[in-house]
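Structure (structure tokens):
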């Protein structure tokens, strides 16, 4: 079962964020905590980290797209050992 990469809560403002740059690509192996995508919030750039180790399956929101807290940015296919732990 794939694991979503979600837009984390930034603050209480409903102001949208923007996807700045994907640091990984579909098919790429990643470790838990690896930086996968940069988001822009007015005046601030921050990274979203991988919630689990595995392989990036898809990047749903390309650079330039506005996103809000909780939206799915992409999907990770977890390593077998992590999938069994769930």
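In full-length UniProt numbering, the protein residues as written are 1 to 86.
Yeah, the Cβ is synthetic: ideal placement off N, Cα and C, and Gly gets one too.
Computed from a predicted structure; not experimentally measured.
Per DSSP, the unbroken beta strand (DSSP E) holding residue 47 starts and ends at 44-49. Taking all protein chains in view, the Cβ of residue 63 is surrounded by fewer than 16 other Cβ atoms within 10 Å, so the residue is classified as exposed. Residue 28 is positioned such that its CB atom lies no closer than 7 Å to that of residue 5.
The residue among 41, 30 and 61 with its C-alpha nearest the C-alpha of residue 78 is 30. For residue 2, same chain residues with a beta-carbon under 6 Å away, outside a window of 5 residues either side, are 57, 75 and 77 in chain order. In the DSSP assignment, residue 6 falls within the unbroken beta strand (DSSP E) covering 3-6. Straight-line measurement puts the Cα of residue 38 at about 12 Å from the Cα of residue 50. Within the UniProt domain "Lipoyl-binding" (19-74), the complete beta strand (DSSP E) runs of at least 3 residues fall at 35-41, 44-49 and 54-59.
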